[in-house]
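Report on the structure given below.
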Amino acid sequence: MSVVHVVSVSGGKDSLATLLIAIARCGLANVIAIFCDTGNEHQETYSYLDYLELALGLKIVRLKADFREEVLAKRAFIAADVRNARVYATRPVFEADGKTPVLKRDGRGNIVLNKKGKPLQKTVKVGGGRRIRWTNKAKRRALAVMLPTGNPFLDLCMWKGRFPSRKAQFCTEELKRNMAVSYQLQLLEAGHRVISWQGVRRDESPNRANAKKWERVGRGLWIARPLVEATAADVFALAQSHGIRPNPLYLQDMGRVGCMPCINCSKAELRAIAARFPEHPVRIAEWERIVGQCSKLGYSTFMADAHPAKDRRVVFADLNIQARVEWSKTSRGGRQFNLLDEEENEGGGCSSSYGLCEQLEATVEAEVT
Ligand code: SF4
């Protein structure tokens, strides 16, 4: 049973340093570098991966999610949707004193409990509700554009009928986590022992402050985090000492390497992207048009956020990517909503370092266990 060292490379500095350490300690022949392609990457990153392959003399395995089946199944579902059910707004019910909640009971008079064992409050429907099925107009709109494109990010959003958000960060899960996990599971099933190398640094964020250097997470599977005590300067210095240049995006005002842009990118980063790579916000605007058409509501914004308006058209007008770009050019006084972090956000919403986004690292480990 051989030991395979898998390093998930993102094109960023931390995953590069991790790869260099893995090669130095385990030998080039025992290391597999993987790259999970989201389809929302900068061309410089693809070119940089080619450069790394030449400079290091290894092949980087490119993994790309395929949602063709899901998109076609959703298309068929929408076309055949004749559901009659309605969804209703509800309001809680109180006793005559207006303060004491009336508890919800089932048909036998028993109090209904939630998953945590706490009693639920009785509610009543308000208004006439709305049909859950796709209207004929929405069907026509969606079916006109809902065809697989081969771009994982766009196809994923068409399938879901929306863009991911901080609260529903399914992009990380579907585009990175699942790809990396299934690759490692295949190695395990083939009889290998797998050491998964992650470029985690403790100083990146509070979530990583207690990251362990070494961890056994399942039968035949370990995680190695050789950079836990390193700083950003250390990892750049390590690459330099090996004669490897960093991803050119770092020299173009990008604080991190990953999706271009990331749904969680900072205000400053969005401003820099719009100034240096205006074609990317233009592409995202086109994606917003397509994904919006695939949505029952007719609108979807790449960078979703809370908004006081109920009218989706107003929300879209304020939060679409071009409006965000304009907002990113404003000073603090120009801030309209509680949108993105203003700081440069290294180690923030999504890490460029592990091929996995930060919030889901724990789930990856749990999944493979
Ligand atoms: S969280 Fe950001 S970088 Fe990670 S997959 Fe989603 S958009 Fe890409």
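Read in order, the letters of the sequence shown correspond to residues 8 to 376 in the working numbering. Glycine is no exception: its CB is placed at the ideal position from the N, C-alpha and C atoms. Keep in mind that this is a model prediction, so the values were computed, not measured.
Who does residue i pair with in a DSSP beta bridge?
i           : result
residue 177 : Partner(s): none; residue 177 has no beta bridge.
residue 314 : Paired residue(s): none; residue 314 is not in a bridge.
residue 44  : 71
residue 15  : 41
residue 264 : In DSSP, residue 264 forms no bridge with anything.
residue 231 : 204 and 221
residue 130 : 99
residue 10  : 200
Helix, strand or coil: how does DSSP classify residue i here?
i           : result
residue 155 : coil
residue 225 : strand
residue 140 : coil
residue 197 : coil
residue 248 : helix
residue 31  : helix
residue 299 : helix
residue 279 : helix
residue 202 : strand
residue 24  : helix
How would you call residue i, buried or exposed, if buried means at least 16 neighbouring beta carbons within 10 angstroms?
i           : result
residue 377 : Outside the displayed span of the chain (8 to 376) sits residue 377, for which this structure offers no information.
residue 55  : buried
residue 327 : buried
residue 141 : buried
residue 207 : buried
residue 126 : exposed
residue 346 : Confidence at residue 346 is low in this model, with a pLDDT of 39, below 50, so the placement of that residue is unreliable and no value is reported for it.
residue 238 : exposed
residue 21  : buried
residue 132 : exposed
residue 18  : buried
residue 110 : exposed
residue 115 : exposed
residue 223 : exposed
residue 306 : buried
residue 220 : exposed
residue 174 : exposed
residue 35  : exposed
Query - Complete beta strand (DSSP E) runs within the stretch 62 to 126 (minimum length 3 residues, chain order) - result: The stretch 62 to 126 contains, as complete beta strand (DSSP E) runs of 3+ residues, the segments 67 to 71 and 93 to 99 (chain order).
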